[in-house]
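**Q**
Numbering (the working numbering), first residue to last: 627 to 1158.
Below you can see the structure in the form of structure tokens.
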């Protein structure tokens, strides 16, 4: 089923906030917004600003748009570098509608079922789907006495979703009183519990506890410490499904880039690095004001406002002088608790593994112990749990005929661990390969025809992520909502943030929602004209 068919079939198909309309195309004298970074959050921000009447320029240091969602093409294979699980597609649909188009004009989304095949260390597996009855049967296979507990957990997930996503996911938390208002709701939703703790309240079977608590790992969080608010992901997936963009997530990136340049008349400048956000003092404002960016070449791009889709901590520490930062000092940035990192291996085979699902999660012999090694001890463990993506299950065009394309990721500690990835990358790849060969991809090494790796070093060097973290600040309660770096800078006027490091956080729905929040915190073009 495609997303267009699913949307037409829904009884609650009014998912979008407005009808398709012609955007306000900015003229040469319109206020100018510069967006640092062409990741999903940066492109979404550029589209929303452009549709409101701003002139938009996106500056990206890599040679292609997408950021973590860039694409690798190698030996006839196409690999999505980053996010592969598309949920809440209406957030993409909104961007196309803001430009007077439909998502289906440029991108075909196909539903994925099962959402995930979860394989345990003993060889048993659980097919995780959006079908409530099928899910009850799967739960009953493992633990009949937990069926009612599973149902109660999903009821709780629905309640958390209604508040955490529908009510608060697109609300800025710029003021402490915004946070204080929701404390009663947070108490009622048991947000002090971890996701695993909430699941354990309803479900007793150890394997099922893993099945229903792994989701925070998809956004960089430890299920044993991340606030239970992230249990909303379970209901979000049931509500809107899990989807795949034909041609890969890169097709969504290309479509978004086309909206910026072709529909809105904006510019995307690739291969150009921002080295400084320029400022000026303004006695009428509370602090310095962003006036544009300076590139590595020395070129100055003037702007009325700047949106940084770069790592928030990197932006504060490396693009702004310390004298401009009374709140986000170097010390405060360094105190942010960063998420885990990832070891990612992209590979192609000259053999098709037809029994392998689109998304497979291979759990190792340890669950809590492994996560403790990654998040707290920051040691590279001998065992591992893996996420395996096989896009050719749905889209054979991602590989040559008769071949399979894969990417596998292993959560690993960020660079504070001291692991020398220049030395450890290949041995770790071999370890991952053995694990795959022993479980779902027999004789893998004999069928390899192409291979490349991404390590925490690449997250630091390519994405300028502090400590090589893959998802920005870890989504624990004390780094969520008001306590997460704000979408509107607390130090610099006319500076805003989008992407995984700001509210509401990582994952495609989270990152797209950070751009949606900018609709609230960024004044309209008339405000900047009046100031100018």
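We put the beta carbon where it would ideally sit given N, CA and C, even for glycine. Keep in mind it's a predicted model, so treat the numbers as computed, not measured.
To the nearest angstrom, how far is the alpha carbon of residue 1057 from that of residue 1040?
**A** Going by the C-alpha atoms only, they are around 19 Å apart.
**Q** Given residue 1141, which residues of its chain have a CB within under 7 Å of its CB, disregarding the five upstream and five downstream residues?
**A** So the qualifying residues of the chain are 667, 670, 671, 674, 1124.
**Q** Residue 813: which of 837, 796, 785 sits nearest, CA to CA?
**A** If we check each option's Cα against that of residue 813, 785 comes out closest.
**Q** May I ask you to report which of helix, strand or coil DSSP gives residue 829?
**A** Three-state result, residue 829: coil.
**Q** When the distance is taken between beta carbons, is residue 858 closer than 9 Å to residue 849?
**A** Cβ atoms of residue 849 and residue 858: not closer than 9 Å.
**Q** Identify the continuous alpha helix (DSSP H) that holds residue 722 and give its terminal residues.
**A** Counting along the chain, the alpha helix (DSSP H) containing residue 722 begins and ends at 716–724.
**Q** Since I believe residue 684 is in contact with residue 893 (beta carbons under 8 Å), could you give me their beta-carbon distance rounded to a whole number of angstroms?
**A** Right, their Cβ atoms sit about 7 Å apart.
**Q** With 16 as the cutoff for other CB atoms within 10 Å, does residue 1154 come out buried or exposed?
**A** Residue 1154 comes out buried.
**Q** If we call anything under 9 Å between Cβ atoms a contact, is residue 929 one with residue 659?
**A** Yes, the Cβ-Cβ distance between residue 929 and residue 659 is below 9 Å.
**Q** Measuring alpha carbon to alpha carbon, tell me which residue in 1104, 873, 1051, 1100 is nearest residue 1081.
**A** Here the closest residue by C-alpha is 1051.
**Q** Tell me which residues share the same chain as residue 687 and place their Cβ nearer than 6 Å to its Cβ, disregarding the 5 neighbours each side in the sequence.
**A** The residues are 899.
**Q** For residue 751, which beta-bridge partners are listed by DSSP?
**A** 745.
**Q** On the CB-based measure, 16 or more other CB atoms within 10 Å of its CB, does residue 647 come out buried or exposed?
**A** Reliability fails at residue 647, whose pLDDT of 49 lies under 50, so the model's placement of it is uncertain and no value is given.
**Q** Which of the three DSSP states is assigned to residue 667 in this structure?
**A** Correct three-state label for residue 667: helix.
**Q** Where DSSP assigns a beta bridge to residue 871, which residues make up the other side?
**A** Answer is 735.
**Q** Could you compute how far the alpha carbon of residue 943 sits from the alpha carbon of residue 966?
**A** Whole-angstrom Cα-Cα distance: 20 Å.
**Q** Can you give me the start and stop residues for the alpha helix (DSSP H) that residue 1047 sits inside?
**A** Note, residue 1047: alpha helix (DSSP H), 1047–1065.
**Q** Quick one: give me the first and last residue of the beta strand (DSSP E) that residue 987 is part of.
**A** Its beta strand (DSSP E) spans residues 985–988.
**Q** Please classify residue 1146 as buried or exposed, where buried requires at least 16 other C-beta atoms within 10 Å of its C-beta.
**A** With fewer than 16 Cβ atoms within 10 Å of its Cβ, residue 1146 is classed as exposed.
**Q** By the 10 Å Cβ neighbour count, where 16 or more other Cβ atoms means buried, how is residue 727 classified, buried or exposed?
**A** The residue in question, residue 727, is buried, as its Cβ has 16 or more Cβ neighbours within 10 Å.
**Q** Below 8 Å, how does it come out for the region 714–726 and the region 862–873: are there three or more Cβ pairs, yes or no?
**A** These segments touch.
**Q** Which residues does DSSP pair with residue 918 in a beta bridge?
**A** BP columns for residue 918 point to 904, 928.
**Q** What is the DSSP secondary structure of residue 1151, counted as helix, strand or coil?
**A** The answer is helix: DSSP assigns residue 1151 an H, G or I state.
**Q** Quick check: the region 1061–1076 against the region 985–992, are there 3 or more CB pairs under 8 Å?
**A** These segments touch.
**Q** Bridge partners for residue 796 per DSSP, in chain order?
**A** In DSSP, residue 796 forms no bridge with anything.
**Q** Along the beta strand (DSSP E) that carries residue 971, what are the first and last residues, could you check?
**A** Element bounds for residue 971: 967–975.
**Q** CA-CA distance, residue 959 and residue 925?
**A** Looking at the two C-alpha atoms, the distance is approximately 28 Å.
**Q** Excluding the 5 residues preceding and the 5 following residue 836 in the sequence, name in chain order all residues of the same chain whose CB lies nearer than 8 Å to its CB.
**A** Result list for residue 836: 744, 746, 989, 993, in chain order.
**Q** Examine the Cβ distances between the region 750–767 and the region 915–924 and report whether three or more of them are shorter than 8 Å.
**A** Segments in contact, no.
**Q** Go to residue 773, then tell me how far its alpha helix (DSSP H) extends in each direction, as first and last residue.
**A** 773–787 is the span of the alpha helix (DSSP H), which, as asked, contains residue 773.
**Q** Report all residues from its chain with a CB closer than 7 Å to the CB of residue 777; omit the five preceding and five following residues, and keep chain order.
**A** Closer than 7 Å at the Cβ level, and outside the excluded window around residue 777, lies no residue.
**Q** Would you mind working out which of 1094, 1059, 903 sits nearest residue 663, comparing C-alpha positions?
**A** With distances taken between Cα atoms, residue 663 lies closest to 903.
**Q** Taking the beta carbon of residue 692 as the centre, do at least 16 other beta carbons fall within 10 Å, making it buried, or is it exposed?
**A** Counting Cβ neighbours within 10 Å, residue 692 comes out buried, since at least 16 surround it.
**Q** For a quick check, are the C-beta atoms of residue 984 and residue 951 less than 9 Å apart?
**A** Result no, Cβ atoms of residue 984 and residue 951 do not sit closer than 9 Å.
**Q** In angstroms, rounded to a whole number, what distance separates the CA positions of residue 995 and residue 821?
**A** Cα to Cα, the separation comes out at about 16 Å.
**Q** Using the C-alpha atoms, what's the distance from residue 1152 back to residue 1121?
**A** Those two C-alpha atoms are separated by around 17 Å.
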